[in-house]
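Undergrad: My questions will all concern the structure given below.
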Amino acid sequence: MIVRPILRHTWLEVLRSPIRLTLVLLLLVPGWLFGLLGQHPQPTSGSGFWFALILGAGIIGRPASNGTLALVLSRPVPRVSYVITRWFAVATLASGLALLNLGVKGLLAQVSAGGWGHLGFAAAEDVLSATAAAAVLTLLSSVVGGLGDVALLAILRIVAEILQGLGGFLSKPALSWMGYHLRDLLVPPLDLETVFRSTPISWLAIVAYLSTVTLCLAAATELMCRREISYAGGGD
Amino acid sequence: MASGSVRASARWLWGAAIALLALRLALGVYESRFPPKLPDLVHWVPVADAEKLSEDTLKPILYVFSATWCEPCKQLRWEVFADADSAEQINRDFVPVYALEGGEAGLSTEAEVEELTRKYGVGSYPTLVVVSSDHPPAMARGYSGKSAVGEFLASGWRGANTFGLAPTLKGFEIEIDKQKARFLDGGLPDSGPR
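In order, the protein sequences belong to chains A and B. For what it's worth, the numbering used here labels the leading residue of the first sequence as 104, then goes sequentially. For what it's worth, the numbering used here labels the leading residue of the second sequence as 48, then goes sequentially.
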């Protein structure tokens, strides 16, 4: 399912992009500097989504726009494998960076023995967040070319917030419900501490997360399988 | 159906996605009837006792306006009121009052909540209002995460009095209550720019 040359190529492609690297460093370094300067806030989850967004922007749309997608798919590579491999590459890289970020912050903050449990939850949440964000971007990137997936994500997120706000303001539960679930679909949340501390365990949160990720990937692979690509023109 | 094996659909993925979606819907129905419970660590005070307790302890009252149908309110309750650190902060610094739309047995009646909603001009859920004797009431609408609530409860609500303006904290809209603002205009010396 995972095509190793595509996986390696995607990692290198992402890591060789100066803009992406700059954004990654901007996300990493300030927190570490604060840690070195003696500011030691409790490390929390949250960076996984942003690393996925930076690394996964245009994950399918960019190669589709610049013609490399046609080049890769002119070889006997199953399109499903291509999509899954690209998603996996972004998810692993973003998760790795999020774990590195949390680990360094944890060391700088000299987290107490009890705090490592909280840090463990934060690390797992970051990995899950990066994996889900990469899946959402893979779907959006299969719909629009270039970096349009990020714009689409931002627009849909704003729509979700507006619906939620309107629902609350107008006391229309249906609007609020739609906005809330659209937001969850775009940025699937999984607060593991809450999930595992509730009695009984909220399996809905776990299943909802897995459902969103699989639906995004299934839809992305389907869109790619049905896509007509012109191999002569170098693009679609 | 696309032709050729390289364009074959991922049936296993669709199978998993559809099975998980069905399970998600079923669990959604089940958990709406039998919601998992988290230990709510905030010591909520009945509406009727709040003002007296606030006077006795010199702590401001924290009103949390909520509704059963409001999803962000549930998230607020799960992430903040069931969190040991946040709950400790609230119990230590405030007289907490949970004003649930329609009232809640042992804590509030429908009439009490309606009166508070009118008094503080609450138009959306969730809304947090901090009322103290020496500050104008500060209001935070919506829920943008645990840290934003922590920031508002730690110091954000005091900002409304310090500058006489309505500062914004991470998506929160903090407003001076109109009635109190009118009272301040007439009754207290100007404490800063408006």
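No residue lacks a Cβ here, since even glycine has one placed at the ideal position from N, Cα and C.
1) Below 8 Å on the Cβ atoms is my contact criterion, and I expect glycine 282 of chain A with glycine 270 of chain A to pass it. Report the Cβ-Cβ distance as a whole number of Å.
2) Under three-state DSSP, which class holds valine 144 of chain B?
3) Looking at the strands, I want to know which residues DSSP matches up with isoleucine 108 of chain B.
4) Can you tell me which residues form a DSSP beta bridge with lysine 84 of chain B?
5) Helix, strand or coil for serine 155 of chain B per DSSP?
6) Can we say the segment 201-210 of chain A touches the segment 169-181 of chain A, given the rule of at least three CB pairs closer than 8 Å?
7) Look up serine 191 of chain B in the DSSP assignment and say whether it is helix, strand or coil.
8) What do you get for serine 333 of chain A, buried or exposed, if any count of 16 or more other CB atoms within 10 angstroms of its CB means buried?
9) Closer than 6 Å by C-beta to glycine 149 of chain B: which residues in its own chain qualify, once you throw out the five before and the five after it? Chain order, please.
10) Listed from N- to C-terminal order along the chain, which residues in the segment 50-74 of chain B have their beta-carbon within a distance smaller than 8 Å of any beta-carbon of chain A?
11) Around the C-beta of serine 202 of chain B, are 16 or more other C-beta atoms found within 10 angstroms, so that it is buried, or is it exposed?
12) For glycine 203 of chain B and chain A, any beta-carbon pair shorter than 7 Å?
13) Assuming leucine 242 of chain A and valine 193 of chain A are in contact, meaning their beta carbons sit under 8 Å apart, how far apart are those beta carbons, in whole angstroms?
14) Leaving out five residues before and five after alanine 129 of chain B in sequence, what residues of the same chain have Cβ atoms less than 7 Å from its Cβ?
15) When DSSP builds the beta bridges, which residues end up paired with serine 245 of chain A?
16) Going by the DSSP bridge assignment, what does serine 113 of chain B pair with across the sheet?
17) Could you round the C-beta distance between leucine 100 of chain B and valine 142 of chain B to whole angstroms and report it? I think they count as a contact, below 8 Å.
18) Residues of chain A with a CB under 7 Å from the CB of lysine 106 of chain B: which are they?
19) Buried or exposed, going by whether 16 or more other CB atoms sit within 10 Å of the CB of tryptophan 125 of chain A?
20) Mind pulling the chain A residues with CB within less than 8 Å of lysine 99 of chain B?
21) Would threonine 302 of chain A be called buried (16 or more neighbouring beta carbons within 10 Å of its own) or exposed?
22) If you draw a straight line from the alpha carbon of leucine 140 of chain A to that of leucine 105 of chain B, how long is it in whole angstroms?
23) Smallest Cα separation from leucine 123 of chain B: which of B/Ala187, B/Arg205, B/Val53?
24) What is the C-beta distance between serine 198 of chain A and alanine 233 of chain A, in whole angstroms, given that I count them as a contact (C-beta under 8 Å)?
25) Output yes or no for whether 7 Å exceeds the beta carbon distance between leucine 31 of chain B and valine 310 of chain A.
26) Can you round the beta-carbon distance between leucine 163 of chain B and tyrosine 110 of chain B to whole angstroms, since I take them to be within the 8 Å contact cut?
27) Can you give me the C-alpha to C-alpha distance between tryptophan 219 of chain A and alanine 225 of chain A, rounded to a whole angstrom?
28) Quick check on the DSSP output: the alpha helix (DSSP H) that includes histidine 112 of chain A runs from which residue to which?
29) Name the chain B residues whose beta carbon is nearer than 7 Å to that of tryptophan 306 of chain A?
30) Can you tell me the Cα-Cα spacing of aspartate 132 of chain B and arginine 139 of chain B, whole angstroms?
31) Going along the segment 317-336 of chain A in order, which residues come within less than 7 Å of chain B, judged by CB to CB distance?
32) For phenylalanine 272 of chain A, go through chain B and note every residue whose CB falls closer than 8 Å to its CB, in chain order.
33) Let me know the secondary structure DSSP gives alanine 213 of chain B once reduced to three states.
34) Residues of chain A with CB under 8 Å from lysine 84 of chain B, in chain order?
35) Does the beta carbon of arginine 260 of chain A sit closer than 7 Å to a beta carbon anywhere in chain C?
TA: Taking the definition as stated:
1) Within the first sequence, numbered from 1, the residue matching residue 282 of chain A stands at position 179. Within the first sequence, numbered from 1, the residue matching residue 270 of chain A stands at position 167. Contact holds; Cβ gap of about 6 Å.
2) Start at 1 with the first residue of the second sequence, and residue 144 of chain B comes out as number 97. Judged by DSSP in its simplified three-state form, valine 144 of chain B adopts strand.
3) Within the second sequence, residue 108 of chain B is the residue found at index 61, counting from 1. Answer is B/Val142, B/Val178.
4) As a first step, residue 84 of chain B is located in the second sequence; it is residue number 37 there, counting from the start. Note: lysine 84 of chain B sits in a beta bridge opposite A/Thr302.
5) Within the second sequence, residue 155 of chain B is the residue found at index 108, counting from 1. When secondary structure is reduced to three states using DSSP, serine 155 of chain B falls in the strand class.
6) Flag = no, the segment 201-210 of chain A and the segment 169-181 of chain A do not touch.
7) Looking up residue 191 of chain B in the second sequence gives position 144. Here serine 191 of chain B carries a coil assignment [DSSP, helix/strand/coil].
8) Against the first sequence, residue 333 of chain A aligns to sequence position 230. Classification of serine 333 of chain A: exposed, given that the 10 Å Cβ count is below 16.
9) Taking the first residue of the second sequence as position 1, residue 149 of chain B is located at position 102. Correct list, in chain order: Glu157.
10) Result list: Ser52, Val53, Arg54, Ala55, Ser56, Ala57, Leu60, Trp61, Ala63, Ala64, Leu67, Leu68, Leu70, Arg71, Leu74.
11) As a position in the second sequence, residue 202 of chain B is number 155, starting the count at 1. The residue is exposed, with fewer than 16 neighbouring Cβ atoms inside 10 Å.
12) Here residue 203 of chain B is taken as the residue at index 156 of the second sequence, counted from 1. No, no contact with chain A.
13) By one-based count along the first sequence, residue 242 of chain A stands at place 139. By one-based count along the first sequence, residue 193 of chain A stands at place 90. Actually they are not in contact, since the Cβ atoms of leucine 242 of chain A and valine 193 of chain A sit about 13 Å apart, beyond 8 Å.
14) For this step, residue 129 of chain B is matched to residue 82 along the second sequence. Here the set comprises Leu85, Pro86, Asp87, Leu88.
15) As a working note, residue 245 of chain A is residue 142 in the first sequence. Paired residues: none, contrary to the question.
16) The residue given as residue 113 of chain B occupies position 66 in the second sequence. Paired residues: B/Leu147.
17) Residue numbering aside, residue 100 of chain B sits at position 53 when the second sequence is read from its first letter. Residue numbering aside, residue 142 of chain B sits at position 95 when the second sequence is read from its first letter. By a beta-carbon distance limit of 8 Å, leucine 100 of chain B contacts valine 142 of chain B. Their separation comes to about 5 Å.
18) Sequence index remark: in the second sequence, residue 106 of chain B carries index 59 (1-based). The contacting residues do not exist; lysine 106 of chain B stays about 26 Å from chain A at best.
19) Residue mapping note: residue 125 of chain A aligns to position 22 of the first sequence, counting from 1. The question names tryptophan, yet the displayed sequence has threonine at residue 125 of chain A. By the Cβ-count criterion, threonine 125 of chain A is exposed, with fewer than 16 other Cβ atoms from all chains shown falling within 10 Å of its own Cβ.
20) The residue you call residue 99 of chain B lines up with position 52 of the second sequence. When 8 Å is used as the limit between beta carbons, lysine 99 of chain B is near no residue of chain A, the shortest such separation being about 31 Å.
21) Taking the first sequence and counting its residues from 1, one reaches residue 302 of chain A at position 199. Exposed.
22) Counted from its first residue, the first sequence places residue 140 of chain A at position 37. Counted from its first residue, the second sequence places residue 105 of chain B at position 58. If I take the Cα positions, the gap works out to 37 Å.
23) Along the second sequence, read from residue 1 onward, the residue named residue 123 of chain B stands at position 76. The shortest CA-to-CA distance from leucine 123 of chain B to any of B/Ala187, B/Arg205, B/Val53 is the one to B/Ala187.
24) Walking along the first sequence from the start, residue 198 of chain A turns up at place 95. Walking along the first sequence from the start, residue 233 of chain A turns up at place 130. Contact holds; Cβ gap of about 5 Å.
25) What the structure shows of chain B is the stretch from 48 to 241, and residue 31 of chain B is not part of that stretch, so it cannot be assessed.
26) Looking up residue 163 of chain B in the second sequence gives position 116. Looking up residue 110 of chain B in the second sequence gives position 63. Leucine 163 of chain B to tyrosine 110 of chain B, Cβ: 6 Å. Contact.
27) As a first step, residue 219 of chain A is located in the first sequence; it is residue number 116 there, counting from the start. As a first step, residue 225 of chain A is located in the first sequence; it is residue number 122 there, counting from the start. Going from the Cα of tryptophan 219 of chain A to the Cα of alanine 225 of chain A covers about 9 Å.
28) Numbered from its first residue, the first sequence carries residue 112 of chain A at position 9. Annotation: the continuous alpha helix (DSSP H) that includes histidine 112 of chain A extends over 107-118.
29) Working through the first sequence from its first residue, we reach residue 306 of chain A at position 203. Neighbours of tryptophan 306 of chain A on chain B, chain order: Leu74.
30) Taking the second sequence and counting its residues from 1, one reaches residue 132 of chain B at position 85. Taking the second sequence and counting its residues from 1, one reaches residue 139 of chain B at position 92. Distance from the CA atom of aspartate 132 of chain B to the CA atom of arginine 139 of chain B, rounded to whole angstroms, is 11 Å.
31) From the segment 317-336 of chain A, only Thr317, Leu318, Leu320, Ala321, Thr324, Glu325, Cys328, Arg329 have a Cβ closer than 7 Å to chain B.
32) Taking the first sequence and counting its residues from 1, the one referred to as residue 272 of chain A is at position 169. For a Cβ distance threshold of 8 Å, residue set Gly170, Ser171 of chain B lies close to phenylalanine 272 of chain A, ordered along the chain.
33) In the second sequence, the residue the question calls residue 213 of chain B occupies position 166. Unreliable positioning characterises alanine 213 of chain B in this predicted model, as indicated by a pLDDT of 38, which lies under 50. A coordinate reading is not provided.
34) If you number the second sequence from 1, residue 84 of chain B lands on position 37. Residues of chain A with a Cβ closer than 8 Å to the Cβ of lysine 84 of chain B are, in chain order, Ser301, Thr302.
35) Within the model displayed, chain C is absent; protein chains A and B are what it includes.
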